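Going line by line, the protein sequences match chains A and B.
Here the working numbering is used: the first residue of the first sequence is -4, the next is one more, and so on.
Here the working numbering is used: the first residue of the second sequence is 19, the next is one more, and so on.
For every residue, glycine included, the Cβ atom is placed at its ideal position computed from N, Cα and C.
This one's a predicted model, so the numbers in the text were calculated from it and none came from an experiment.
This report refers to the structure that appears directly beneath it.
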Amino acid sequence: MSLDKDTVSRIARLARLKVADEELAPLAGELSGIFAWIEQLNEVDTSNVEPLSSVSDVTLPMRADTVTDGGIAAKILANAPGGAVYIDPADKNAGGFFTVPKVVE
Amino acid sequence: MAALTDLTIAELTAVLAQKKASALEVADAHLKKLDEHRALNAFITETPDKAREMARASDSRRARGEAGLLEGVPLAIKDLFCTEGVQTTAASHILKGFVPPYESTVTANLWKAGAVMVGKTNLDEFAMGSSNMTSHFGGVENPWKRKGDNRKLVPGGSSGGSAAAVAAYMVPGSTGTDTGGSIRQPASFCGIVGLKPTYGRCSRWGVVAFASSLDQPGPLTRTVEDSALLLQGMAGHDPKDSTSAPLAVPDFVAAARSPDIEGLRIGIPKEYRVDGTSPEITALWEEGIEMMKAAGAVPVEISLPHTKYALPAYYIVAPAECSSNLARYDGVRFGLRVPGKDLIEMYQNTRGAGFGKEVRRRILIGTYVLSAGYYDAYYRKAQQIRALIARDFKQAFEKCDVLLTPTAPTAAFAAGEKMDDPVTMYLNDMFTIPASMAGLPGISVPAGLDKDGLPLGLQIIGRAFDEETMLRAAAALEKAAAFNHRPAGY
């Protein structure tokens, strides 16, 4: 399996990763090398094998659908990279917002 | 009395209990080592003030008669565990400025047991690497050097800083995480003990996620007994991690203190005899088998037919999970933000600038194998192979109680070697990844030196949730190998 520049560009867009144009060709080469090595998996007959997604035998536990946490808006917003806006600056736990660039014209 | 920094965790707890030293004195002695060996770059963040504050609190608890299992023991924490109020980076630029408002369960358990944090250790970015060279904060230097050769060697990875700190006697123990070998391989490269518990034994809550179906926290120490002590403090069911096993924590320390392996069946997987393994490692493995036999164990040849497919299958499963997990780094809620003309461009700029080369490579592989039209050919296929690998181990454990294998195919290599081709680097984890894929516990024990004077480890793999038998066998191997070397100058 060989990946070309356009494919790398497409998956970079899907992954929301900015990749400079001059990096596309070397990346395509590296990824093609990795996928060529991965191809050996096709030697194994896996018909009728159930895929294993988790090694833990336990059934995922259920819990009551109730609030278990809260009132910590200040903690949640503390790391906001664009700065946060609080509903009530005197009581940051009253709630607030992350800020992002304008998305609607 | 020996220097406080030369003591093991078991010895330190005894010294502290007998009031021969205070936790503050113990912390200060170790902080001084952090100063002396800063050039190794083992730490991303040192926390001397916090260490002294925790040590004073530990001394007060002891004075009140409330000493915990690890009371006053200084530890280094891999900078992948969230620590409340202390910057956590995952060795990535994308978490720039992130200060967790909460504590991971594993570290909270350790502090509850009385341990003291001296700092956060360096690692491969997001734990993706086997050399510690992918860290945004620079590589870590292995305290060991080849005889007559002054070149810097890598400590292995991804828990490279945690391994180097223990090997350089900066701390008696540290935490690591292991996704495909990230505790065991650096332990082997640095001549120390590294234990990856069964998947589900230690909570993943508050540990920065790489590949959630594989990630597992565990200890790095200088002795098997110390690994058992740390694991005892780290493990336990946590309702906040849905994959955390709802099981009581067994007495790991008792197991490590009883190296009786009379009649224990030691499986020797024939598929682990592969080309590319250093002849010295193959010879050491043979010696290990003889040592276990001399201690009363019975070697049994077993077969794990799908071994060679574990590595390529891992390089589908782990990147797929990584690409999903790392989708959260979007510049909106925490970490780095690089502006763009609109929201999409802000995401792309932030992620393009924030992730290093290896992380980007794995996100791209993961995105590709999960994308429409390729899911069945790659991701589903890899999960099927994973099922076969787990089945291989299950069948092998009908004939034996633990497995004995090399930990890594080579000793530590120089910074810059093996860097050209990603696949060559990936091959470092060929002996550790199969157990990771099956969720089994594994431990690396230092067993000898190669002709260059570098440490080599052997790995013992146990049944799921049977760390006790694995620890017994590891203690027996440790006793027989009697590895008592230390890196020159440390």
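What's the call for residue i, buried or exposed, on a 16-neighbour Cβ count within 10 Å?
i: B:K38; result: exposed
i: B:N367; result: buried
i: B:L98; result: buried
i: B:D256; result: buried
i: B:S78; result: exposed
i: A:A15; result: exposed
i: B:F61; result: buried
i: B:Q477; result: buried
i: B:A336; result: buried
i: B:P297; result: exposed
i: B:D244; result: buried
i: A:M57; result: exposed
i: B:H324; result: buried
i: B:A491; result: buried
i: A:V99; result: exposed
i: A:V62; result: exposed
i: B:K359; result: exposed
i: A:Q35; result: exposed
First and last residue of the beta strand (DSSP E) that includes residue i?
i: B:E289; result: Looking at the DSSP string, B:E289 is not in any beta strand (DSSP E), and its letter there is neither H nor E.
i: B:T139; result: 134 to 139
i: B:A94; result: 92 to 96
i: B:A465; result: 460 to 467
i: B:F415; result: Careful: B:F415 lies outside any beta strand (DSSP E) and carries neither H nor E.
i: B:I279; result: From DSSP, B:I279 is part of no beta strand (DSSP E); its letter is neither H nor E.
i: A:G91; result: 91 to 93
i: B:P473; result: 473 to 479
Output the distance between the C-alpha atoms of residue i and residue j, rounded to the nearest integer angstrom.
i: B:E84; j: A:A85; result: 40 Å
i: A:I82; j: A:A68; result: 11 Å
i: B:L141; j: B:G224; result: 17 Å
i: B:T496; j: B:G306; result: The amino acid occupying residue 496 of chain B in the given sequence is Glu; Thr does not appear at that position. Near 10 Å, if we compare the C-alpha coordinates of B:G306 and B:E496.
i: B:M135; j: B:K399; result: 43 Å
i: B:A542; j: B:D233; result: Since the first residue shown for chain B is 19 and the last is 508, residue 542 of chain B is missing from the structure and cannot be characterised.
i: B:G90; j: B:D46; result: 11 Å
i: A:V44; j: B:A408; result: 12 Å
i: B:G374; j: B:G314; result: 49 Å
i: B:E363; j: B:P357; result: 8 Å
i: B:T139; j: B:G175; result: 12 Å
i: B:Y347; j: B:G471; result: 43 Å
i: B:A73; j: B:F144; result: 30 Å
i: B:L249; j: B:V104; result: 23 Å
i: B:W129; j: B:L406; result: 40 Å
i: B:S148; j: B:L93; result: 22 Å
i: B:L265; j: B:Y332; result: 27 Å
i: B:L322; j: B:L421; result: 11 Å
i: B:A510; j: B:R481; result: Because chain B here runs from 19 to 508, residue 510 of chain B falls outside it and cannot be looked at.
i: B:D439; j: B:A432; result: 15 Å
i: B:K412; j: B:A21; result: 46 Å
i: B:R240; j: B:G475; result: 12 Å
i: B:A185; j: B:E29; result: 17 Å
In this structure, does DSSP put residue i in helix, strand or coil?
i: B:S230; result: coil
i: A:V3; result: helix
i: B:Y392; result: coil
i: A:Y152; result: Residue 152 of chain A is absent from the model: chain A starts at -4 and stops at 100.
i: B:V420; result: strand
i: B:F116; result: coil
i: B:R380; result: helix
i: A:T61; result: coil
i: B:F61; result: strand
i: B:D53; result: helix
i: B:A432; result: strand
i: B:I284; result: strand
i: B:V158; result: coil
Which two residues bound the contiguous alpha helix (DSSP H) that contains residue i?
i: B:K497; result: 485 to 499
i: A:I71; result: 68 to 72
i: B:P317; result: No alpha helix (DSSP H) contains B:P317, which is instead part of the beta strand (DSSP E) from 316 to 320.
i: B:L361; result: 361 to 372
i: B:E89; result: No alpha helix (DSSP H) holds B:E89; DSSP gives it neither H nor E.
i: B:P555; result: Because residue 555 of chain B is not part of the residues shown, which for chain B are 19 to 508, the question remains open.
i: A:G24; result: 16 to 33
i: B:T31; result: 27 to 35
i: B:E339; result: 325 to 343
Tell me residue i's beta-bridge partners as DSSP assigns them.
i: B:T239; result: B:G191, B:V211
i: B:T101; result: B:V104
i: B:D77; result: Partner(s): none; B:D77 has no beta bridge.
i: B:L171; result: B:A432
i: B:V225; result: B:F99
Using the beta-carbon of each residue, which ones in chain D are nearer than 9 Å to residue i?
i: A:E45; result: Within the model displayed, chain D is absent; protein chains A and B are what it includes.
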